[in-house]
Amino acid sequence: MPAEFMEKGGAGGDWFFSCPICREPLEKREKVCRCPRGHSFDVSAEGYVHLLPRNRMHSSLPGDTKEMVAARRRFLESGAYELFSRELNGMVLFCMEQAPRPLLLDTGCGEGYYTSKIAEALRRSGSELRIAGIDISKNCVRLAAKRDRSIEFAV
Numbered sequence: 009m010p011a012e013f014m015e016k017g018g019a020g021g022d023w024f025f026s027c028p029i030c031r032e033p034l035e036k037r038e039k040v041c042r043c044p045r046g047h048s049f050d051v052s053a054e055g056y057v058h059l060l061p062r063n064r065m066h067s068s069l070p071g072d073t074k075e076m077v078a079a080r081r082r083f084l085e086s087g088a089y090e091l092f093s094r095e096l097n098g099m100v101l102f103c104m105e106q107a108p109r110p111l112l113l114d115t116g117c118g119e120g121y122y123t124s125k126i127a128e129a130l131r132r133s134g135s136e137l138r139i140a141g142i143d144i145s146k147n148c149v150r151l152a153a154k155r156d157r158s159i160e161f162a163v
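Here the sequence shown stands for residues 9 to 163, where the numbers follow this note's numbering.
In structure tokens:
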């Protein structure tokens, strides 16, 4: 995993992820995430942050290609998996009722289809669940972050 999951980030940052280099909490500001040791990571124009260190990347652009991501998005937006998404949303809502301060991390979030559907369902229910998504594919995370800016996304 490119970043460590955290319930509480640095003071004022309150972010899901920690520094992939030193594992200290990251504090997110408008255009940068920074840990107390000074490691910093730019926040993209779309709102996601790239936390996968270059020395851990096994290719220049790991994960799905733009074409693969676009094809998946077209398929999911066709409604073919809408029933599955509704059932998943219901299960998440049920499970989160039991949590005092619910947090959800979607690992392998892809282009954010299910992550955003869960977020929509939770907003409709009045839940204050915090959601983040990570994926190895920058192409996927870029689209996910564009889809719902209230969700914290990282590569």
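Quick reminder that beta carbons are idealized off the backbone N, C-alpha and C, glycines included.
Requested in this report: State the DSSP-derived secondary structure class of Glu-90, mapped to helix, strand or coil.
Outcome: helix
Query raised in the report: Counting Cβ pairs, one atom from each stretch, are 3 or more of them under 8 angstroms apart for the segment 47 to 57 and the segment 121 to 132?
Result: no
**Report entry** Delimiting residues of the beta strand (DSSP E) encompassing Val-163
**Finding:** Element bounds for Val-163: n/a, residue is neither H nor E.
Query raised in the report: Per the contact definition of three or more C-beta pairs closer than 8 angstroms, is the segment 110 to 117 in contact with the segment 140 to 158?
Result: yes
Report task. Please name the residue, chosen from Cys-103, Leu-137 and Phe-83, that lies closest to Arg-109 on a Cα-to-Cα basis. Result -> Leu-137
Query - Per DSSP, the bridge partner or partners of Thr-123 - result: According to DSSP, which records beta bridges pairwise, Thr-123 is partnered with nothing at all.
Requested in this report: Would you decide whether Pro-61 is buried or exposed? Buried here means 16 or more other CB atoms lie within 10 Å of its CB.
Outcome: exposed
Query raised in the report: Where Leu-112 and Ser-86 are concerned, what is the direct C-alpha to C-alpha distance, given to the nearest angstrom?
Result: 26 angstroms
Requested in this report: Taking the CB atoms as reference points, tell me whether Arg-157 and Gly-55 lie closer together than 8 angstroms.
Outcome: yes
Report task. Excluding the 5 residues preceding and the 5 following Lys-146 in the sequence, name in chain order all residues of the same chain whose CB lies nearer than 6 angstroms to its CB. Result -> Val-163
Query - First and last residue of the uninterrupted alpha helix (DSSP H) at Phe-24 - result: Taken as a continuous stretch (DSSP letters only), Phe-24 belongs to no alpha helix (DSSP H), as it is neither H nor E.
Report task. With DSSP collapsed to three states, give me the class of Ala-140. Result -> strand
Query - Glu-90 burial status per 10 Å Cβ neighbour count (16 or more: buried) - result: exposed
Query raised in the report: Quick one: Cα of Arg-37 to Cα of Arg-31, how far?
Result: 18 angstroms
Query - Cutoff 8 angstroms; reference Leu-84; Cβ partners in own chain excluding five residues on either side - result: Glu-119 and Tyr-121
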